[in-house]
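Below is one structure, written out as structure tokens; comments come after it.
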Amino acid sequence: MPSERASYPDLTGRRMYRPRHPAPTVTPERLLAFGDAVFAIAITLLALDINVPNGLPEGQVDEALRDVLPDVGAFLLSFSVIGLLWLAHHRMFALVGRIDRPLLYLYFALLADVAALPFPTRLVSEYGDTAVATAVYGGVIGLASLLTTGMAYHLLRHPDLRKPDVPMARARRTVLEGSIVAVVFATSVPMTLVSPTAAKYWWLLILLRHFPLNRETPDEDDTAPTA
Numbered sequence: 071m072p073s074e075r076a077s078y079p080d081l082t083g084r085r086m087y088r089p090r091h092p093a094p095t096v097t098p099e100r101l102l103a104f105g106d107a108v109f110a111i112a113i114t115l116l117a118l119d120i121n122v123p124n125g126l127p128e129g130q131v132d133e134a135l136r137d138v139l140p141d142v143g144a145f146l147l148s149f150s151v152i153g154l155l156w157l158a159h160h161r162m163f164a165l166v167g168r169i170d171r172p173l174l175y176l177y178f179a180l181l182a183d184v185a186a187l188p189f190p191t192r193l194v195s196e197y198g199d200t201a202v203a204t205a206v207y208g209g210v211i212g213l214a215s216l217l218t219t220g221m222a223y224h225l226l227r228h229p230d231l232r233k234p235d236v237p238m239a240r241a242r243r244t245v246l247e248g249s250i251v252a253v254v255f256a257t258s259v260p261m262t263l264v265s266p267t268a269a270k271y272w273w274l275l276i277l278l279r280h281f282p283l284n285r286e287t288p289d290e291d292d293t294a295p296t297a
């Protein structure tokens, strides 16, 4: 097993040791609270793109409401997606007992992805029939799922970062769930070149994520090898 410490010489030539990935001072609870705020702001920004022009005559209100239906649909889609990502990242944080630097970087990348979601949502609402808009949306969601999966996999590989009462089987289920979502959205990106509509229906395959989670898997001992 590789050493968890890296050595370096001090001014006297002696070898000094320090952790390979020094633990940040932030606690999992504070980091989760920060992430919750980012998710909440991202969801709020989604609604700002839904608007009806002011000063319309009474006869044009119905038409204006029909015009914003794509915006409403894109809002509901992204609201659901962000909600699922929020639940997934909370399930992942239920495993975390300690934060190291790689885990922190992965989490910041996830939050950056979530914060950017209003942009592809706007693309889908305005140009939902185009391959580019659908591919960008699928790519952003796929990346968010991949980052969540990467965090869970990092916890699986490093038992010292997990809470002591978290079995390996639970961490594996979290990795499997995130992998399914990431694969579905990632494979939808090239599919948009053939049919953007088919790519959107392909997203429904994320429902498969429930099947492995609903199967009873006996918890395993955390002393099992992680290599």
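Position in the sequence shown (first residue = 1) + 70 = the numbering used here.
All C-beta atoms, glycine included, are put in the ideal place defined by N, C-alpha and C.
query                                                                                                                    : result
Residue-level contact to chain B via CB, F163, 8 Å cutoff                                                                : Of the protein chains in the structure, only one exists, and it is not chain B.
Cut-off 7 Å between Cβ atoms - residues of its own chain near T377, not counting five sequence neighbours on either side : No information on residue 377 is available, as it lies outside the stretch 71 to 297 that the chain covers here.
For V166, the three-state DSSP class (helix, strand or coil)                                                             : strand
M162 versus R242 - alpha carbon distance                                                                                 : 11 Å
Contact check, V184 vs R232, beta carbons under 8 Å                                                                      : no
Euclidean distance between Cα positions of S265 and V96                                                                  : 45 Å
Test item: CB-CB of L101 and Y177 under 8 Å                                                                              : yes
Close-in-space but distant-in-sequence residues of the same chain around L173 (CB under 8 Å, 5 per side omitted)         : V166, M221, H224, L225 and L231
C-beta contact flag for G212 and T204 at 8 Å                                                                             : no
Cα-Cα separation, N121 to P190                                                                                           : 18 Å
Separation of D137 from P98, as counted between CA atoms                                                                 : 44 Å
Per DSSP, cross-strand counterpart(s) of R232                                                                            : V166
Helix, strand or coil at I211 according to DSSP, with G and I counted as helix                                           : helix
Range covered by the alpha helix (DSSP H) that runs through T267                                                         : P266 to W272
For D137, the first and last residue of its enclosing alpha helix (DSSP H)                                               : V131 to D137
Boundaries of the alpha helix (DSSP H) in which P190 is found, first to last residue                                     : P188 to Y197
Spatially closest choice to P234 from D132, W156, I113 and A164, by CA coordinates                                       : A164
Cβ neighbours of A158 in the same chain (closer than 6 Å, five flanking residues each side left out)                     : T218
Cutoff 7 Å; reference P260; Cβ partners in own chain excluding five residues on either side                              : none
Among W272, D119, A239 and H228, nearest to R171 - alpha-carbon criterion                                                : H228
Backbone CA spacing between I152 and H160 [nearest angstrom]                                                             : 12 Å
Separation of Y175 from F145, as counted between CA atoms                                                                : 28 Å
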